[in-house]
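Encoded as structure tokens, the structure appears first; notes follow it.
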Amino acid sequence: MATIPTPSLPFVETKLNFLPPTDAKPFVLVDPAANPSLPRTNFEEEWVPARVYNARPLLEQGSADEKPTLDREGFTLEPHNTHVKDFYDDAHVQEHYYPEVIELVKAITGASDVQVFDHTVRAPKEKGRREAVHRVHNDYTVKSGPQRVKDLTSDPEKLATRLNNRFAFINVWRSISASPVEELPLAVSDARTIKREDFVATDLVYSDRTGEVYSVRHQPDQQYYYFPHMHKNEALLLKVYDSVDDGETARFVAHTAFRDPTSPADPKPRESIEVRTIAFFAPSSPTIEHQ
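Here the sequence shown is numbered in the working numbering, starting from 1 and rising by one per residue.
Here is the structure:
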């Protein structure tokens, strides 16, 4: 199995939070106040020493073939200017940023249709937003990916077309701060280095429903990468589900925020937005050609 040539890449030493061995199906209570009688979760944290490789040299010095792609590694970084002025205004984001994201995902994947269905702004607690997630995970499973398409498609004929052809969930992550990211960057896996059995279906228990994500068990062969000092005019695309299951195409990409030991002593707080999309492909569409 070919992977990114890590010996030539700089790296940082840190710890990543994985799922420890567990007999019961893991769960996480998303809103503990709604279920005060239940524990927050049924598993412990397992912080494992890990190297996270700087992938920027692959963009700046490597050949075109070395640049990470959605279908091979499961992630890619793209220059992408935005005209959005206020990412904390949800209505403004939906009106102005969603169309920008749709065009970006179409251009990179060649999808015939892209649907944006959600976004999350992460910032320090004092801004009243969600904080960064410090747990290696993937947003969808073989069960919850198709189920999300069903939840978002009310027309039976359209649903049948979508489910009978290729579709992929692509998350688009970017910094929304005026300055480059100084703390808690995003680590992403090379999808080729994580075995299917390392992904463990985990329930996310909300007050009104239960979703399912993958937690990740650590294995020594796993490889993780990051793009230090991301700024607001570049976007990181992550493929968190692909209906193609051919043993070659990346289907899931594990990711997590992590503590960068090279961060300044008093870093500017990370502010970011992650937009969740589904890319739908025409019948008999090939795998994604990086453009």
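Glycine is no exception: its CB is placed at the ideal position from the N, C-alpha and C atoms.
On a predicted model such as this, the values are computed, not experimentally measured, just so you know.
- The DSSP-derived three-state label of residue 8 is helix.
- With contact defined as three or more Cβ pairs closer than 8 Å, the stretch 197-208 and the stretch 260-273 are not in contact.
- For residue 38, there is no enclosing beta strand (DSSP E), as DSSP marks it with neither H nor E.
- Residue 170 and residue 149 have their C-alpha atoms some 13 Å from each other.
- Under DSSP, residue 115 forms a beta bridge with 278.
- Inter-segment contact for the stretch 177-195 and the stretch 206-223 is present: three or more beta-carbon pairs are separated by less than 8 Å.
- Bridge pairing for residue 167: 280 [DSSP].
- Under the DSSP definition of a beta bridge, residue 236 partners with 77, 173.
- Nearest to residue 228 by C-alpha distance, out of 215, 257, 208, 245, is 257.
- Boundaries of the beta strand (DSSP E) around residue 204: 199-205.
- In this structure, DSSP gives residue 45 a state outside helix and strand, which the three-state scheme calls coil.
- In this model, residue 20 and residue 246 are separated by some 29 Å (Cα to Cα).
- Note on residue 158: under 16 other CB atoms within 10 angstroms of its CB, so exposed under the neighbour-count rule.
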